[in-house]
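**Q** Just so you know, we're using full-length UniProt numbering here: the sequence shown kicks off at 1 and counts up by one.
Take this structure, written in structure tokens, and hold onto it; I'll ask about it next.
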Amino acid sequence: MCNSNVDNNFQVIIEQLAQDANKSCGLVYELFVERFTNSVDTFLSSLSHNEKEQVLTIAQRYGYSACVDEDIDDNDCTVCCHGIDIDCCPAGCADARGDFTDDILFETDNFSFNAATIIFDELTELCMQVAQHKLISPVKWCELKLYIVKNEQAIDWFDTLYIDVDIDPEFVRINYSELVKYLQKKILNCKNS
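What follows is the structure, encoded as structure tokens:
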């Protein structure tokens with residue numbers, strides 16, 4: 001009987017958390033899930049392991065999600081935090097949209113940097129295969145070229161990080177076709193060495 005009373009208390013608490021989250025999210029389900037999940041997570045931090053399992057079971061019936069997407073791009077969002085179309089929000093959320101451009105540029109730059117590293121790693125792997133007198137898979141080579149096409153901004157990073165102008169003076173400014181020629185040259189050099 002005591003266990004039933006505890007379950008009812010958790011039921012009431014979770015129901016209240018869901019109602020509170022629903023009040024402040026407009027009609028945006030994703031916003032509700034994010035706020036409700038954060039509220040439940042805060043509540044869970046003060047409970048024992050057994051109680052957490054009980055609360056999670058109840059919370060999942062109300063829309064609790066263990067993994068809330070935090071990777072939502074601000075540019076893709078057409079609804080502000082008030083649950084209103086961002087361009088119609090009386091609080092001026094559309095004006096604040098530009099504040100995130102530096103972060104977006106940094107993330108894009110960081111992604112391009114990582115993509116350049118992936119291109120270099122793939123080149124290194126292909127060179128190792130050639131040095132060991134193994135055939136290069138045409139699929140692997142085409143996948144690398146396709147990856148470069150899909151990540152054009154990585155070309156500049158690759159140029160900056162991995163092409164030594166003193167050794168390869170003809171590669172002063174590089175584009176897609178020049179990068180592919182450079183990669184072919186490196187692979188052929190590995191074959192000849």
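Positions of the beta carbon are idealized from the N, C-alpha and C atoms, including for glycine.
#1: Hey, how far is the Cα of Thr117 from the Cα of Leu126?
#2: What does DSSP give as the partner residue(s) for Glu130 in the beta ladder?
#3: Drop a sphere of 10 angstroms on the beta-carbon of Cys80, count the other beta-carbons inside from all chains shown, and report buried for 16 or more, exposed for fewer.
#4: From what residue to what residue does the alpha helix (DSSP H) around Asp156 run?
#5: Rounded to whole angstroms, what is the Cα-Cα separation between residue 251 and Pro90?
#6: Got a sec? Which residues, its chain only, sit under 6 Å from Tyr162 by beta carbon, not counting five neighbours each side?
#7: Classify Asp159 as buried or exposed, calling it buried when 16 or more other Cβ atoms lie within 10 Å of its own Cβ.
#8: Entirely within the segment 21-74 and at least 4 residues each: give me those alpha helix (DSSP H) ranges in chain order.
#9: What separation, rounded to the nearest whole angstrom, lies between the Cα atoms of Asn151 and Ser177?
#10: Alpha carbon to alpha carbon, what distance is there between His49 and Gln19?
#11: With C-beta atoms as the reference, is Phe10 less than 8 Å away from Val55?
#12: Beta carbon of Glu122, beta carbon of Leu144: below 8 Å?
#13: Skipping 5 residues on each side, what residues in its chain have a beta carbon closer than 7 Å to that of Lys186?
**A** The short version:
#1: 14 Å
#2: According to the sequence shown, residue 130 is Val rather than Glu. Answer by DSSP bridge pairing: none, since Val130 is not bridged.
#3: buried
#4: 153-162
#5: One cannot answer for residue 251 here, as it falls past the ends of the chain, which runs 1 to 193.
#6: Phe120
#7: buried
#8: 29-44, 49-61
#9: 14 Å
#10: 25 Å
#11: yes
#12: yes
#13: Leu123, Cys127
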